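End of the sequence shown sits at 769 in the working numbering; the numbers just go up one at a time, nothing left out.
Think of the CB as a built atom: it goes at the ideal place given N, C-alpha and C, for glycine as much as any other residue.
Computed from a predicted structure; not experimentally measured.
First comes the structure, then the notes that go with it.
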Amino acid sequence: MWSDKETSEDLLGYTVHSSLLKSVITNEKNLPITVGLYGDWGLGKSSILKILEKQLEEDGDAVVVYFDGWTFEDFDDAKMALIQGIVDALEKNQKFIPKAETTLQKFKDQFSKLKNSINWMRLLKFSVKGIVPVATAAVTGGVSMIIPTLLSAIKENRDDLSNILSEENAENFLRETLCSEDEEKKYTAVREFRKDFEKLIEDSKQGKIVVLIDDLDRCLPRHIIDNLEAIKLFLNVPGTAFVIAADKYIVSNAIKSEYKEIIQAASEDRPNLGDSYMEKFIQLPYKIPTLSPKEVETYVTLLFCQSILNKESFDKVRNDFTEFVSINKFDRYGWTNIQTILKDNLPENMGETLGFFSLFSRIIGNSLRWNPRLIKRFLNAYEIRVRLLEQSGINDSKSKFALLKLMLIEQKFIDQFKQLNTWVMSSIDSPKELIDIEKYANAETNDIADYKDWNSPDLLQIVRTEPKFSSVNMRELFWVSRDNIIDEMSGMSLISSRVKAIFNKAYNATTDPIYKEYCEKELSILSVVDLHDIFDLLDAKILLNPKDKKAYTIYYFCIMSEIPNAYNRLLSILSRIDVSSIPFSLGNKFKEILLKFAYDKKLQELISKNKPLMNSINGK
């Protein structure tokens, strides 16, 4: 089994990306700079950040601060949480603060001043919100009377300012900041923070810092904007570099959501205003390329090496791969390389296993969107099913390889997977239909008139590759795959039981108000990863039954609740089905979606073939 967590252990050749980023962000001529490390969920953004962090720390090129945006999602003021987190990290970092006794007090004073500025900015936000009657207190002189209320309000908002401003010093702080007759003094801390932060870095031992921000796309839209604004307004000073790992689409949509009035008011010649606005925050966008078939083969090979080999042998393979990829960026690393480095110290049947998987590297990559995380999950699901086979007393490699073939059909050709299950379960011996398809796949016959749905190059490759399905006990293979037979959904084995439970609760809602409430309160707070799986389950329902009103209804309320990517996922599934099957009774919901997106031409084109639905939308 393989862990799903990010790691600095590079099995994808991603060191080339981290090294390139490192050369950019440590070059003083480029600073200050903010880099957007873009990629879809599961593509390896977090792993690249971890590799980059390790490289920077080993080389000592800069002081590194790793910041997980998701950790501070519960903070009301994400902007201040980021600023506070960075300042606290620098204060604790021995590589940042000079050791000379003569400068220690100076740095303590600098950090103290920055923290006071942060405290003031946090407090100002409370006063603006009207949490406490600061203005009234300032006029009447009753500052001391509001202190308990203020501290209580701060605590309720999950802020630690109440710990800093004790009863003893809170009044003095308030009088110096909020109650000053000179309005300009109220904003001095805000205005000078940037200057003080710049001075701190200039005087530091290192002279430059790199802040790595992960999981920004998991945050709420407002918090995404807060983090970007904090970097742009307060922290982007000489000697700083920020690397933000995120899904560009999610960040762009967050901007569009927060500034929708401005964007809606934009002229037609500026349709990508959200993307243009993001460019103000991100100076250098860097998109992680998707994996190639050779890279998928290499990745699967190394994953199995990690699983099969002992630590010493795997370390040799990994080090050899690191050297190999530095020279051969576009070539595969496979069984021949492993044989060369390990020689005779190889487990039995390892070559056979790796060779068999290499045959399907392109199909594995294509069916799993060339996504490393999905590939890893697929292999984990395969390992679990292999263990179930072994529990049944089936240990032969032929059955295990046939199981992989079956899982590839299950993943990419769910209808044929179910059809094959029906044939197998209704026949004592190998079903005639399966034998006919195997003959066609091996060019033993030209007749496939009754099985046109099987006439796909990838599907036929799976069928004709040895071992033949007809040579193994298919009933046992379907038994270990029964989760998909029961649920009748593609990819269910790759989705957690927790997400399935959330989906079932939403799907089993009975009225529109319940759907609406569930989308607003439950689905809207899910991570990007979980939402991706929710949409996959919705798509599976629609593919199985394009008339499924429940699935469309969930999509509708997700879109109206502005859940990231819901609209694009709806467009995607509509392009894959016969839209004439969509019930016309959903006309009002589709009309509201059209209104929300200014009668988007793509949606109109997709549903235009359903005349009853269009009549319902148009009130006919």
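Is it right to say residue i is buried, meaning 16 or more other beta carbons lie within 10 angstroms of its own, or is it exposed?
i, result
"M574", "exposed"
"D682", "buried"
"T164", "buried"
"R647", "exposed"
"K492", "exposed"
"T754", "The residue you asked about is not Thr; residue 754 is Glu in the sequence shown. Answer is exposed; the Cβ neighbour count stays below 16."
"S630", "buried"
"I635", "Low confidence applies to I635: its pLDDT is 38, below 50, so where it sits in the model is not reliable, and the reading given next is rough at best. With fewer than 16 other Cβ atoms within 10 Å, it is exposed."
"M641", "In this prediction, M641 scores a pLDDT of 46, lower than 50, which makes its location untrustworthy; no coordinate-derived value is stated."
"K601", "exposed"
"I476", "exposed"
"F479", "exposed"
"P606", "exposed"
"G510", "Note on identity: in this sequence residue 510 is Ser, with Gly being the wrong assignment. Classification for S510: buried."
"T485", "exposed"
"A598", "exposed"
"E559", "buried"
Since residue i is in the alpha helix (DSSP H), which residue starts that stretch and which ends it?
i, result
"I708", "K698 to M709"
"G514", "S510 to S516"
"V677", "V677 to L693"
"F527", "P521 to Q540"
"K745", "G736 to K745"
"L720", "A715 to L723"
"L608", "P606 to R613"
"F383", "Unbroken run through F383: none, as it is neither H nor E."
"A655", "S646 to Y656"
"Y143", "Because the chain in this structure spans residues 150 to 769, residue 143 falls outside the shown range and cannot be described."
"T502", "M499 to S507"
"V621", "Neither: V621 is in no alpha helix (DSSP H) and is coded neither H nor E."
"P761", "K760 to I766"
"Q753", "K750 to I756"
Distance, Cα to Cα, residue i vs residue j?
i, j, result
"E497", "V466", "17 angstroms"
"E741", "L382", "38 angstroms"
"S168", "Q432", "18 angstroms"
"L458", "G162", "20 angstroms"
"V392", "I235", "14 angstroms"
"F342", "D258", "14 angstroms"
"F627", "F453", "24 angstroms"
"G504", "P442", "14 angstroms"
"V677", "D688", "16 angstroms"
"E444", "K348", "45 angstroms"
"P438", "G188", "8 angstroms"
"S516", "K203", "33 angstroms"
"Q243", "D208", "15 angstroms"
"N737", "L720", "17 angstroms"
"K264", "M229", "11 angstroms"
"K354", "F260", "15 angstroms"
"E158", "F216", "20 angstroms"
"S315", "L253", "Below a pLDDT of 50, predicted positions are generally treated as unreliable, and S315, at 49, falls in that range; the measurement from the model is reported next regardless. Going by the C-alpha atoms only, they are around 26 angstroms apart."
"I766", "K750", "15 angstroms"
"I651", "F430", "35 angstroms"
"E446", "E501", "14 angstroms"
"K344", "G218", "25 angstroms"
"Q455", "F463", "6 angstroms"
"G483", "L160", "12 angstroms"
"N764", "L752", "15 angstroms"
Quick one: give me the first and last residue of the beta strand (DSSP E) that residue i is part of.
i, result
"D363", "I358 to D363"
"K436", "L433 to K436"
"V573", "Counting along the chain, V573 falls outside any beta strand (DSSP E), though it belongs to the alpha helix (DSSP H) covering I563 to M574."
"L161", "Segment: none, L161 is in no beta strand (DSSP E) and carries neither H nor E."
"I663", "Here I663 belongs to no beta strand (DSSP E); instead the alpha helix (DSSP H) covers D661 to K670."
"L186", "I182 to Y187"
"A394", "T389 to A395"
Just to confirm, does residue i get its C-beta within under 6 angstroms of one of the non-hydrogen atoms of the ligand GDP?
i, result
"H372", "You won't find the ligand GDP in this model; it holds no ligand whatsoever."
Can you find a CB in chain B that lies within less than 7 angstroms of the CB of residue i?
i, result
"K405", "The displayed structure is made up of one protein chain only, and chain B is not part of it."
Can you confirm whether the region 751-769 touches the region 721-731 when touching is taken to mean that 3 or more C-beta pairs between the two stretches lie within less than 8 angstroms? yes
Three CB pairs or more closer than 8 angstroms across the region 708-723 and the region 738-752: yes
If you scan the region 207-247 from start to end, which runs of the alpha helix (DSSP H) of 4 or more residues do you find wholly inside it? 227-241
If you pair each beta-carbon of the region 609-624 with each one of the region 590-599, do three or more pairs fall below 8 angstroms? yes
Please list the segments of the beta strand (DSSP E) lying wholly inside the region 424-484, counting only runs of 3 or more residues, in order along the chain. 433-436
Would you check if the region 545-565 and the region 612-621 touch, i.e. whether three or more CB-CB distances between them fall below 8 angstroms? yes
Could you say if the region 463-478 and the region 528-541 meet the contact criterion of at least three C-beta pairs nearer than 8 angstroms? no
Counting beta carbon pairs with one atom in the region 507-524 and one in the region 575-584, are three or more of them shorter than 8 angstroms? no
Cβ pair count under 8 angstroms reaching 3, the region 358-368 against the region 185-201: yes
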